[in-house]
Amino acid sequence: MTSWFINTLGPLGWTLLALVPPAIVALYFLKLRRQPLEVPSTFLWSRTIEDLHVNSLWQKMRQSLLLFLQLLFILLLILAVLRPGMDGEQKLLGDRFVFLIDNSASMGSKDEQSGRTRLDEAKRRVQEMIDQMDSGDVGMVVTFSDRASVAQQFTDNQRVLSAKVAAIQPSEHTTNIMEALRVASGLANPGQSAFEEGDVQVADAKPATAYILSDGRFQTITDFSFGNLQPVYIPLGDEVSSNVGILAFSTQRNPEKEDELQVFCRIARFGPEPTEVTANLYFNNELLDVARIRLDEEDGTGGAQFDLGSLDVGKLRLEVDHKDVFPADNIAYAAISPPERAQVLVVTEGNNYLRFSLATDQIRRIADVTLVTPDYLTGEDYPKEAASGRYDVIIYDDCAPETMPESNTVFFGRKPPVEGWVFQEAQVLPQIIDVAQSHPVMNFVNLGNVSIYKASPLEAPAGSTVLIESDQGAIMTIAPRKSFEDVVLGFAFLTSEDDKTFFNTEWTKRLSFPVFVKNLVEYLGGVRQGEGEFSIRPGQNYAFRSSGFAKEVHIIPPSGRVRTIAPTADNLFSFGETDQLGTYEVREGNAKDVSRYFSVNIFDAQESEIQPKLEIETQWETIAGESAWLPMRREFWKWLVVLALLILLVEWYIYNRRVYV
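Heads up: the sequence shown runs through residues 0 to 660, numbered per numbering that gives the first Met the number 0.
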């Protein structure tokens, strides 16, 4: 819509400006102060009599050219302050453009207003902008989801740019814009930015306009400076959008009946509707159960539990019966994998509660546990076993080896001999303030009534995850090491003072402690006792070890195309082609039966919240959403100011020349 005027003053400014014309007119109404003088005849004083007529009200208003010019001057200034103008042709900003196109999962939403997916709408708008490019303008195309991809380097060939944009495909990945911004910034700044014939070399730093076409479902932009990039955010999607998505779907053994499985799901509503949905559970593509799930009025979430009984190995699928614009998160996948036992070595002395937790029927069903004392670490057998990776997980209770084994590890009260781990000064009675219950190690572990006498806050290597946070800092953390993971607890279960040994915490006496030990064995030992694998997100690597030291494994994705991969030196398999949602089958060597399953799901509240953001946040500013390109407004106020100055010169000339009309 065309805006003819723009208000540039506040109420006070307009009030003062409006008083100027009446003030000018009032000055002309003032009569001259003259001294009375008696004369014998008015014949010789006709000029004086005429001057008296001029200073009367109506005579003065009718004959004053100066008053007219002064009022016209003020009127032109008032009009100039209103900044009259009109919208002209729309045009891109600058002559160098970086088109950042979001092709994450939420961009697959099909909006009702446009009738297209958000990605198709983004491609259409970029095509329009490419058509607006002038001769000599250059553009670059970058797609992004949780990773960035340069679809086309800087080029002035509009046909090439259009072809690259048309070829962009949707993905099921989550959204992270940071890598795309760094790629765009690096290519827009000095250096080589061309790799194909016809692309443009960048030798000097030149300004570029970065058009971000997205629904804005990504995190606040931090630790990034746009530099030569001028960001323009183009929000995509209906202003009012609602969605229902599955955020969790997993299986586990029934704690009361170990031979039975249970399925848990969590569903969230993003928007005012609906308040209730139907969830259908399928096993090997056959309908198994149906549940009506009530969604909470405040947070919009709800869940359900399905009892599976003693089902055999197979695939599970959960479908939410609700039509919305983003159907990808209405389906979730899981599987019941074949059972597998873990090999566990426990190095402990004097901790009977740990021994009892490892002797339960649950642990016996999923693992072979070997108990030794700390003296075993200095014997002849331990170095060979540790180096060969015989054990899936080794638990060190208040002791530590000289070198780390080729296994996952757990350290209670001791620092691993790995660079990056730091034990700070022990603190008395730290208060637990947070537990990462979403992590498999802490599933169903309640520490609300647990007290600790002394604990050392931890500093961990890069990539670590805090599992227990206290008011003094992290007191339990898990960190990666090569293809392994190490769990470190900042306190031992036994402590000594004044030659007396006593328990450092009552956690070992709580029901949550055996649950915690079972989680450690299951997660670090890679146990799958007929339970579902932990889901990964699209694009993430799935890493595992072969139970039989297979020379190769065959992975069958949902598309059915078999992929064969070989292990690394430490018997680790890594598979990264996980772009498809669904359940993947793994077969080891020449085996005909499936040895394990793993599933790929979105499970991301940020992605399922499809309401587009009208502005995006950076660390220092807010970038408001704009149209694809900005209209070039034709301003008339400058010409009005010039005309007003000319009138002022004419008025000054008339006054100084004493021209009377």
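Virtual Cβ for every residue (Gly too), placed ideally from N, Cα, C.
Take F543, set aside five residues on each side of it, and the residues of its chain with a beta-carbon closer than 6 Å to its own are F572, in chain order. For the pair V231 and L92, the CB atoms are nearer than the 8 Å cut-off. Cβ-Cβ distances below 7 Å link R389 to Q342 in the same chain, with the five nearest sequence neighbours on each side left out; the list follows chain order. Taking a contact as a CB-CB distance under 8 Å, the pair L523 and V434 does not count as one, their CB atoms being some 18 Å apart. Around V561, the same chain offers H553, I555 as residues with beta carbons nearer than 6 Å, after the five sequence neighbours per side are excluded. Annotation for R123: no beta strand (DSSP E) segment contains it, though the alpha helix (DSSP H) segment containing it runs 117-131.
Between the beta-carbon of I365 and that of L260 there is about 14 Å, and that puts the pair past the 8 Å contact cut. If you draw a 10 Å sphere on the C-beta of A386, you find fewer than 16 other C-beta atoms in it, and that means exposed. In this structure, M132 sits away from Q152, with a CB-CB distance that is not shorter than 8 Å. Here T621 has E614 as same chain residues with Cβ atoms under 7 Å from its own Cβ, once five neighbours each way along the sequence are excluded. Counting along the chain, Y654 sits inside no beta strand (DSSP E); it lies in the alpha helix (DSSP H) bounded by residues 636-656.
In chain order, L466, I477, V486, N518, L519, Y522 place their CB closer than 7 Å to the CB of V440, counting only its own chain and leaving out the 5 sequence neighbours on each side. Within the DSSP secondary-structure output, H553 pairs in a beta bridge with T563, R586. I601 places its beta carbon less than 8 Å from that of R536. Taking the CA atoms as reference points, R265 sits about 23 Å from S511.
T154 sits away from S103, with the two beta carbons spaced by 8 Å or more. DSSP places A327 in the helix class (H, G or I) of the three-state scheme. D214 counts as buried, since at least 16 other C-beta atoms from the protein chains shown sit within 10 angstroms of its C-beta. If you draw a straight line from the Cα of F269 to the Cα of P479, it is about 34 Å long. The alpha-carbon separation between V319 and T250 amounts to approximately 17 Å. By the criterion of a C-beta distance shorter than 6 Å, N329 is surrounded in its chain by V319, once the five residues flanking it on both sides are discounted. Taken atom to atom, the span from the alpha-carbon of L18 to that of L65 is near 18 Å.
The residues E171, A327, I330, Y332, P537, P557, V599, N600, I601, in chain order, have a CB closer than 8 Å to that of L580 in the same chain once the five nearest residues on each side in sequence are set aside. Classified as buried, A278 has 16 or more neighbouring CB atoms from the shown chains inside 10 Å of its CB.
In this structure, the beta-carbon distance from S469 to P415 does not fall below 8 Å.
Boundaries around Y281 are those of the beta strand (DSSP E), 275-282, since no alpha helix (DSSP H) includes it.
Note that the segment 235-244 touches the segment 109-123; at least 3 beta-carbon pairs, one per stretch, sit closer than 8 Å.
Sequence-distant partners of V368 (beyond 5 residues in either direction) whose C-beta falls short of 7 Å from its own C-beta, in its chain, are V343, V345, L357, I362. Around S455, the same chain offers F422, Q423, A425, G489 as residues with beta carbons nearer than 6 Å, after the five sequence neighbours per side are excluded.
For N407, the secondary structure class from DSSP, reduced to helix, strand or coil, is strand. A straight line joining the alpha-carbon of D258 with that of F597 spans about 22 Å.
When secondary structure is reduced to three states using DSSP, G581 falls in the strand class. Around the C-beta of A590, fewer than 16 other C-beta atoms lie within 10 Å, and the residue is accordingly described as exposed.
Of T567, E650, L212, the smallest CA-CA separation from K612 is found for L212. For E616, the closest C-alpha among the options R95, I220, Q69 is that of I220. Annotation for A267: the continuous beta strand (DSSP E) segment containing it runs 260-269.
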